Structure formats: structure tokens, C-alpha cells
């Protein structure tokens with residue numbers, strides 16, 4: 169339905185993965201959802217996972233906070249981070 173990235177919102181390449189860019193992208197997503205008359209969101213958070221970190225980035229946290237502040241109704245937040253099944 170709506171796809172907006174941090175790179176669409178900031179000019180510098182170094183700022184694409186920042187928390188500020190994620191917040192701006194989340195604000196645009198909520199505005200576009202309101203235009204489409206979408207009132208409730210199911211959010212899926214995904215970290216890098218696997219052998220790397222399993223906690224969401226600061227950008228994901230600020231985007232979630234921006235969606236909550238925009239008065240969108242959040243019904244479910246699901247963590248879909250991949251977890252390795254072998255013990256390496």
C-alpha cells in the first residue's frame with residue numbers, strides 16, 4: 169500500500185539510516201494511510217537477525233514512536249526477526 173524509505177526523506181547518504189529519517193518516513197506513512205482511510209495498523213518489526221543483532225535499530229524505535237504519536241490505532245506489533253535454527 170505505502171512504501172517510504174529514509175533515503176527518500178533526507179539529502180545526505182549518511183543520514184539515510186538515521187532515527188530522524190525513520191521518523192520523517194513514518195510521518196509520511198501515517199499521512200498517506202489517513203488519505204487512504206486506513207485507521208488501524210498491524211506493525212511487523214524486523215532486526216538484522218541471524219548471527220547479527222536481534223534488537224531493532226534506533227530508527228525502528230523512532231518510527232514506531234512517530235506512528236503512535238500520529239494517532240494511528242496500532243492493533244498488533246509483531247517481531248519477525250529471523251532466528252537461526254542451528255547452534256552456530
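Residue numbers (our numbering): 169 to 256. All residues carry an ideal CB built from backbone N, CA and C; glycine is no exception. In this text, all values refer to a predicted model and were calculated from it rather than measured experimentally.
For residue i, the three-state DSSP class (helix, strand or coil)
i	result
residue 196	helix
residue 184	coil
Exposed unless 16 or more other CB atoms sit within 10 angstroms - verdict on residue i
i	result
residue 198	buried
residue 240	buried
residue 243	exposed
Identified DSSP bridge partners for residue i
i	result
residue 208	241
residue 254	The partner list for residue 254 (beta bridge, DSSP) is empty, contrary to what the question assumes.
residue 203	Answer is none; residue 203 lacks a bridge partner.
residue 213	247
Pair within 9 Å by beta-carbon distance, residue i and residue j
i	j	result
residue 227	residue 180	no
residue 192	residue 212	no
residue 214	residue 250	yes
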